[in-house]
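In terms of the working numbering, the sequence shown has 796 at position 618, counting the first letter as 1, and numbering is strictly consecutive.
Just so it is clear, CB atoms sit at the ideal spot from N, CA and C, and this is done for glycine as well.
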Amino acid sequence: MHALSLTPRRQPRPASAIVASALLALGLQGAFAATFLGVEVPPPLPAKNVVDTYWGTPVDDPYRFLEDTKDVQVQAWMKAQADAAAAILDKLPVRNSLRTRLAEIDAAVPANVSGVHRSRDGSYLMLRRNASDNQFKLVRRATLDGADQVLVDPDALAKAAGSAQAIGGHAPSPDGRMDAYAIAGGGAEIGQLHVIDTLTGKALMAPIDNVRGSGDVDWLEDGSGFFYTRLQEGWASRQRAERFLDSSFYFHKMGASGPDVVVFGPGVDPGLGLPRAASSDVFAVPGTTLAMAVVREGVKRETTVFLADLQSVLAGKGGWRRAFGEEAQISQIAIAGGWLYARSAQDAPRYKLLRMPLTAPDPARAQTMIAAGDGVIVELAAAQDALYVTQRQGVLTRLLRIEHSADATPVEVALPYAGRVDLRFARHDQSGAIFALSSWVRATKLHAYDPGRKAVSQLPLQPPGPFDEPQGLTAREVLVKSHDGVLVPVSVISRADVKLDGSNPTILYGYAAYGTTEEPSWGPRLLAWLERGGVFVFAHARGGGVYGDGWHKAGHKTTKPNTWKDGIAVAEWLIAQRYTTPQRLAIYGGSAGAIFVGRAVTERPDLFAVGVVSVGNTDSVRSETRANGGANIPEYGTVKKEDEFRGLLAMSTYASVREGSKYPAMLFEHGVNDTRVDVWMTLKTGSRMAAAMSSGKPVLLRLEYDGGHGVGATRNQSLERTADRWAYLLWQFGLAGP
179 MHALSLTPRR QPRPASAIVA SALLALGLQG AFAATFLGVE VPPPLPAKNV VDTYWGTPVD
239 DPYRFLEDTK DVQVQAWMKA QADAAAAILD KLPVRNSLRT RLAEIDAAVP ANVSGVHRSR
299 DGSYLMLRRN ASDNQFKLVR RATLDGADQV LVDPDALAKA AGSAQAIGGH APSPDGRMDA
359 YAIAGGGAEI GQLHVIDTLT GKALMAPIDN VRGSGDVDWL EDGSGFFYTR LQEGWASRQR
419 AERFLDSSFY FHKMGASGPD VVVFGPGVDP GLGLPRAASS DVFAVPGTTL AMAVVREGVK
479 RETTVFLADL QSVLAGKGGW RRAFGEEAQI SQIAIAGGWL YARSAQDAPR YKLLRMPLTA
539 PDPARAQTMI AAGDGVIVEL AAAQDALYVT QRQGVLTRLL RIEHSADATP VEVALPYAGR
599 VDLRFARHDQ SGAIFALSSW VRATKLHAYD PGRKAVSQLP LQPPGPFDEP QGLTAREVLV
659 KSHDGVLVPV SVISRADVKL DGSNPTILYG YAAYGTTEEP SWGPRLLAWL ERGGVFVFAH
719 ARGGGVYGDG WHKAGHKTTK PNTWKDGIAV AEWLIAQRYT TPQRLAIYGG SAGAIFVGRA
779 VTERPDLFAV GVVSVGNTDS VRSETRANGG ANIPEYGTVK KEDEFRGLLA MSTYASVREG
839 SKYPAMLFEH GVNDTRVDVW MTLKTGSRMA AAMSSGKPVL LRLEYDGGHG VGATRNQSLE
899 RTADRWAYLL WQFGLAGP
């Protein structure tokens, strides 16, 4: 048996002693502490209401003080909550059996691969996690079927650093001889950018600090340097809502001394009118003497494109000029063969594909390569031979190929089986494309299209595993009528022999934000839930992107209520079809998906036995005050506009909690180092819900002190989190036995 299945998560502690010292330290020894399984859960700290008035509407905020997570009393209370949650979950017999089974399944997956890059010399660079690894490593293969050369091992770095380390992304030079990678600790996603020689693993420069995420690195074609972005100096000491604003792009010349050149950003050229929360890509345009900057306002999908002379940019002299803006509603571009390809939502709610000369990119005069229709254009990737496009029809994805000739038309690529296609790699100077293929019940495998052979082949980067295509499972696609008559797509994953007798433990999952879609994909760990007769349901609610831009816009800002009302309709359908009952139905979502969960629970608590909120944005009215809040205004709205404030108030789980309500059991999961959604959102909402609860059900705060938003979580962290979550559900369903 693999060692992972034998490693205990933590040592259980005597239940009676778990919170006693914390309660004394907090001065709450006389306060009511709910007890579950012999473990006392500390009560919320005493409320200190703050009232803010927006547009004539007063908004209560009884737990505003919990936003100061550095306060000693708040820290002690957080620790007591985390300890109590851990102790309760440790007492569930089913947790250990779930953890063991999850580890067995996980250990049987030979390898997970992401970030694949094929270099000009035929070598491959990728992030790879083998069955024995806790974290993804940066590896190189000299040939497709060659041996792995480990270049960066975060597990080894974690031992030296004393905290979990994760690679946030990597960007090889075009020839594959160098690789720039970002690494950060503790789940915070803010770390350092390094460059190494891929043959020797030797560092080629001093690390660059204050890099968030991957650093958005883009190399010059000759490998002499690269563009990258970093946070402003002193970002950590700025006001909370200002920390991630005004990020700038720099150019680093390999081997040069002195500071890097600032080339683009809100403070670099004020005349461009860039938003302070701009997120951008800056790169040299292949085959030209131009540089391009593709700009979005925070998380907004629509882009504005600027061009400039490359040499002027490298010298720090700017000269940027606007090519086109948000009015074109372009949300993706790809460049190759002298063309700029663009996905546009203008008069096309499910998108259309445009093509325009790279020397004169004018959307108004662009050639339409794929007209607006029922299919949703998902991804573009440009290679030397052609543009590769994925188009979703229902839940299935087609792969299309369009040659760069003037009279080219889309041609469908034949695939081994129908499923989801996810474009992973293509370059303007290499022919063909690498893509992933999967379905709800077939594991993701990497494939390549070879234009010479006009054929698709599976790449030998992931050996087959015993749970890649489990037998006896089924995926059902249905349409459910929502509150306003709109039909919402729903995917139901279960064993084929599931009985519609209302007895099945069921998880209803939803995200429904940013135009993101839950595409068909099989994660072998889900087998541990399905084996127990569990059902897993994806609600493709409005706010997501299953039907394109129009579906997204029907569930954001002031239209956001459609998101959780779609979720409520799906819950009612599951009960009516006798998949489950309210006593065995859980609703689950994370980050923006917390709105889907939290507002469904607060509006219809009678439908659910459990609600699970992971790293959740639950205090929408205060959302833009967090460090990452400004970038998210295009998705949620701002209190500075009356209609958007009312939308924020409506979508806020925290504001919708009502005293004396019979809410279901709640589990709040959060990494304390989260830089996307601050942990205080969970602290505030969990407190308000616990204080209001009249059902006698538990409200647990599962806090990870060496975690963040989930990006870069270690294998063990992920296994523990899943085992805890499912054990909690089964406990509340009355199914928590061995």
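Open item on the list: Looking at the strands, I want to know which residues DSSP matches up with P594.
Closed with: Answer is none; P594 lacks a bridge partner.
Point to revise | Pairwise C-alpha distance: M867 and P221 | key: Those two C-alpha atoms are separated by around 11 Å.
TODO: Helix, strand or coil for W700, going by three-state DSSP, please let me know.
DONE: Looking at W700 - three-state DSSP - the assignment turns out to be strand.
Suppose contacts are defined by Cβ-Cβ distances below 7 Å. Is A362 in contact with G347 by that definition? no
Item to complete: Pair every Cβ in the stretch 565-582 with every Cβ in the stretch 593-601, then say whether three or more of these pairs are closer than 8 Å.
Response: yes
Cβ-based burial, N227 [other Cβ within 10 Å; buried from 16]: It counts as exposed.
Complete beta strand (DSSP E) runs within the stretch 241-277 (minimum length 3 residues, chain order): none
Closest to I685 by C-alpha separation, out of W233, I753, E813, T376, would be which residue?
Of the candidates W233, I753, E813, T376, I753 places its Cα closest to the Cα of I685.
Worksheet item: For L763, which residues does DSSP report across the bridge?
Response: DSSP output for L763 lists T684 as bridge partner(s).
Margin query: Excluding the 5 residues flanking A320 on each side, which residues of the same chain have their C-beta closer than 7 Å to its C-beta?
Written below: Within the same chain, S301 come within 7 Å of A320 by CB-CB distance, once the 5 residues on both sides are set aside.
* In angstroms with no decimal places, state the Cα-to-Cα distance between Y841 and Q571. => The alpha-carbon atoms of Y841 and Q571 are separated by roughly 38 Å.
| message | Could you tell me the alpha carbon to alpha carbon distance between S617 and V440, rounded to whole angstroms? | response | 44 Å
ask   = Using the beta-carbon count (16 or more within 10 Å), is Q569 buried or exposed?
value = Counting of Cβ neighbours within 10 angstroms places Q569 among the buried residues, the total reaching 16 or more.
request  = Kindly provide the ranges of any beta strand (DSSP E) runs that are 3 or more residues long and lie completely inside the stretch 521-609, ordered along the chain.
outcome  = 530-535, 545-548, 554-560, 564-571, 574-581, 598-603
Delimiting residues of the beta strand (DSSP E) encompassing Y232
228-232
- Item | Whole-number beta carbon distance between F429 and L492, since they are thought to touch under 8 Å | 6 Å
Query raised in the report: Is S351 buried or exposed, if buried means 16 or more other CB atoms sit within 10 Å of its CB?
Result: buried
- prompt: Out of curiosity, what's the CA-to-CA distance linking P812 and I580?
  reply: 33 Å
| message | Considering Cα atoms alone, identify which of Y692, L452, S660 is closest to K735. | response | Y692
Look at A611 and A604 and say whether their C-beta atoms are less than 7 Å apart.
-> yes
Problem - Where V666 sits in the DSSP three-state scheme - result: strand
Original post:
Quick one: Cα of D249 to Cα of P683, how far?
Top reply: 40 Å
ask   = Going by C-alpha distance, which of S660, I671, R242, Y832 is nearest A225?
value = R242
* Asked: Using CA coordinates, which residue listed in Q761, D326, F774 is at the minimum distance from N917?
  -> The question about residue 917 has no answer, for the chain in this structure spans 179 to 916.
My output table needs one value for G347: the three-state DSSP class, helix, strand or coil. strand
* Which of the three DSSP states, helix, strand or coil, is assigned to S834? -> helix
Excluding the 5 residues flanking S341 on each side, which residues of the same chain have their C-beta closer than 8 Å to its C-beta? G363, G364, D884
**OP:** Pull up the CB-CB distance for L377 and R355, whole angstroms please, since I reckon it's below 8 Å.
**Re:** 7 Å
I believe D459 touches V472 by the beta-carbon criterion, under 8 Å. Please report the beta-carbon distance rounded to the nearest angstrom. Confirmed, about 5 Å.
- Query: Buried or exposed: which applies to D585, given that a residue is buried once 16 or more other Cβ atoms fall within 10 Å of its Cβ?
  - Reply: By the neighbour-count criterion, in which 16 or more other beta carbons inside 10 Å mark a residue as buried, D585 falls on the exposed side.
(Q) Rounded to the nearest angstrom, what separates Y725 and D438 at their Cα positions? (A) Straight-line measurement puts the Cα of D438 at about 43 Å from the Cα of Y725.
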